[in-house]
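Asker: The working numbering numbers the first residue of the sequence shown as 781 and each following residue consecutively. One structure is given below, represented as structure tokens, and several questions about it will come after.
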Amino acid sequence: MDVVTRFAPSPTGNLHIGGLRTAMFNFLYAKRHGGRFLLRIEDTDFARSDAAYLESILQGLKWLSLYHDVLICQSANVNRHREVALELLNRGKAYHDKGAVRLKVNHDKPVKFSDLILGEISTDGNSINDVVILRSDGSPTYMLAVVVDDHDMGITHIIRGSDHITNTFTQKLIYEGMGWSLPYVAHIPLIHNAHGAKLSKRDGAVDVVDYKTMGILPEAMFNYLLRLGWSHGDKEIFSMQEAIDLFDITAVGKSPARFDREKLYSLNSHYISALPPERIALEVRSFVGEKIVVSDSAFVAFVELFRKKCSSIVELKDSLRFCWCTYLRPEMNRILLQELLKLLENTDWTSGLQEVLKEYISLSGFPAKEVYTNLRMALIGQEHSPSVVEIMQIFGKDIVLQKLHDSLK
781 MDVVTRFAPS
791 PTGNLHIGGL
801 RTAMFNFLYA
811 KRHGGRFLLR
821 IEDTDFARSD
831 AAYLESILQG
841 LKWLSLYHDV
851 LICQSANVNR
861 HREVALELLN
871 RGKAYHDKGA
881 VRLKVNHDKP
891 VKFSDLILGE
901 ISTDGNSIND
911 VVILRSDGSP
921 TYMLAVVVDD
931 HDMGITHIIR
941 GSDHITNTFT
951 QKLIYEGMGW
961 SLPYVAHIPL
971 IHNAHGAKLS
981 KRDGAVDVVD
991 YKTMGILPEA
1001 MFNYLLRLGW
1011 SHGDKEIFSM
1021 QEAIDLFDIT
1031 AVGKSPARFD
1041 REKLYSLNSH
1051 YISALPPERI
1061 ALEVRSFVGE
1071 KIVVSDSAFV
1081 AFVELFRKKC
1091 SSIVELKDSL
1101 RFCWCTYLRP
1111 EMNRILLQEL
1121 LKLLENTDWT
1131 SGLQEVLKEY
1141 ISLSGFPAKE
1151 VYTNLRMALI
1161 GQEHSPSVVE
1171 IMQIFGKDIV
1181 LQKLHDSLK
């Protein structure tokens, strides 16, 4: 079988993390089986559809490198949807009602289907309504359009949230009414908050764009969403190719996964430390609207030095503000700084800088904490930082001396 999956968002709101996970699972399943991943924009709600929301969807998928093979807009298929509605009328599977067309449901017959995740699911026919499939103005409803498009696009596997289970019962009747086979279906349990309720905006960031602006790396989000409801043994970290090679939709858990923001930030911290510093430097630059005043090589070196305990790119950016903006220095120990300036002017920076500072501390009578705090404040405007000696080495002798001069003005 040539596997074809699809992600079918509506451009009536920003892409949220639940939708992103659904897109990811569809992408991975298709690629695992050498198939195609299609993106269908369900834009038939003309009043609420917005180009800005479409851009949010496209950028969110691009952010995680979930590239589609084909892009289709549902609105282009309206005539085909109407054609199928009329065919259902002709087959006696639908009927007119006040200008609209409704699906004719046999309420005495149960409806069931086999789910790749949840197993056999059934419902009583009385629980299914005679839904409108064609409105009185001739426009098709979601319930009809999605079936027609999935059939015509050759979708073999429908992977979507478990909130669509009731839709699947109705849509199966449309498939049967047209004499079509229902594709394989897999309903992913929803993402819940820490308290076991459906994740919502009340729980904080939900939209994908929010996590980008919070400084979450795409690798961290990909890995976190991948493990949110699916696992492969004890393996915690997956590359994209590993995920493609190992992903199995039938291994997705049957219970809702709980969103743990601390776990996401922990993964983000891992990738901030593990990825090449040049890559992390580019991520930081994307958050900076001002000119970075240190050299490119110095900036990468500062990223390497400061990134180890940061859990987001925003946090790392904030610790590197001295690379692009002036900073206020509080009152500092001028005598200490004057002595350091004189000492460092005559110091060989190729070796022994740490020993020079230790010797100064032992002879000056100033506590080590006071010496290093004053140096940090003079050099980067912060009381706390990684090794001040490494900061001095990255800046170089000329810049350090200039900063000490400036601190004494």
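The C-beta atom is built at its ideal place from N, Cα and C for all residues, glycine as well. The structure displayed is predicted, hence computed values, not measured ones.
Could you pull out every unbroken alpha helix (DSSP H) segment of at least 4 residues lying fully inside the region 954 to 1031, listed in chain order?
Answerer: DSSP runs (the alpha helix (DSSP H)) wholly in the region 954 to 1031: 988 to 993, 998 to 1006 and 1020 to 1026.
Asker: What three-state label does DSSP hand alanine 827 in the structure shown?
Answerer: The sequence position of residue 827 within the sequence shown is 47, counting from 1. Coil at alanine 827, not helix or strand.
Asker: Give the secondary structure of cysteine 1103 by DSSP, where H, G and I count as helix, E and B as strand, and everything else as coil.
Answerer: As a working mapping, residue 1103 is identified with position 323 in the sequence shown. Correct three-state label for cysteine 1103: helix.
Asker: Within its chain, find whatever has a CB closer than 8 Å to the CB of phenylalanine 1086; leave out the 5 residues flanking it on each side and keep chain order.
Answerer: Here residue 1086 refers to the residue found at position 306 when the sequence shown is read from its first residue. So the qualifying residues of the chain are Leu1096, Ser1099, Leu1100, Ser1165 and Pro1166.
Asker: I need the DSSP call for proline 1056, collapsed to helix, strand or coil.
Answerer: Position 276 of the sequence shown, counted from the start, is the residue given in the question as residue 1056. Proline 1056 falls in the coil class under three-state DSSP.
Asker: Please confirm whether threonine 802 and arginine 940 have their CB atoms less than 7 Å apart.
Answerer: If you number the sequence shown from 1, residue 802 lands on position 22. If you number the sequence shown from 1, residue 940 lands on position 160. Yes.
Asker: Kindly indicate which residue of Tyr922, Tyr964, Thr950 and Thr921 has the alpha-carbon position closest to the one of isoleucine 935.
Answerer: Mapped onto the sequence shown, residue 935 falls at position 155. Checked all of Tyr922, Tyr964, Thr950 and Thr921; the closest Cα to isoleucine 935 is Tyr964.
Asker: Kindly indicate the opening and closing residues of the beta strand (DSSP E) around lysine 892.
Answerer: Taking the first residue of the sequence shown as position 1, residue 892 is located at position 112. Where lysine 892 is concerned, the enclosing beta strand (DSSP E) stretches over 891 to 895.
Asker: What is the rounded straight-line gap between the Cα of histidine 796 and the Cα of serine 855?
Answerer: Locating residue 796 in the sequence shown gives position 16, counting from the first residue. Locating residue 855 in the sequence shown gives position 75, counting from the first residue. Cα to Cα, the separation comes out at about 22 Å.
Asker: What are the uninterrupted segments assigned as beta strand (DSSP E) that are 3 or more residues long and contained completely in the region 855 to 901, given in chain order?
Answerer: For the region 855 to 901, whole beta strand (DSSP E) runs of length 3 or above, ordered along the chain, are 874 to 877, 880 to 883 and 891 to 895.
Asker: Going by CA-CA distance only, name the one from Gly1132, Leu844, Tyr1140 and Arg812 that's closest to methionine 781.
Answerer: One-based indexing of the sequence shown puts residue 781 at position 1. The candidate whose alpha carbon is nearest that of methionine 781 is Arg812.
Asker: Histidine 796 bridges to which residues according to DSSP?
Answerer: Locating residue 796 in the sequence shown gives position 16, where the first residue counts as 1. Looking at the DSSP assignment, histidine 796 forms a beta bridge with Asp987.
Asker: Are the CB atoms of serine 836 and asparagine 794 within a distance shorter than 7 Å?
Answerer: Here residue 794 is taken as the residue at index 14 of the sequence shown, counted from 1. Here residue 836 is taken as the residue at index 56 of the sequence shown, counted from 1. Yes. Within cutoff.
Asker: Give me the Cα-Cα distance between leucine 1191 and leucine 834, rounded to the nearest whole angstrom.
Answerer: For residue 1191 there is no data in the structure shown, the boundaries of the chain being 781 and 1189.
Asker: Give the range of the beta strand (DSSP E) segment to which arginine 816 is assigned.
Answerer: Taking the sequence shown and counting its residues from 1, one reaches residue 816 at position 36. That run of the beta strand (DSSP E) goes 816 to 821.
Asker: Return the chain-ordered list of same chain residues with a C-beta closer than 7 Å to the C-beta of histidine 861, the five sequence neighbours on each side being excluded.
Answerer: The sequence position of residue 861 within the sequence shown is 81, counting from 1. If we look at histidine 861 and ignore the five residues flanking it on each side, its Cβ neighbours are Pro920, Leu924, Ala925 and Val928.
Asker: So glutamine 1118 and valine 1169 are in contact, right, with Cβ under 8 Å, and what is the actual spacing, rounded?
Answerer: By one-based count along the sequence shown, residue 1118 stands at place 338. By one-based count along the sequence shown, residue 1169 stands at place 389. Not quite, the Cβ-Cβ distance comes to about 20 Å (not below 8 Å), so this is no contact.
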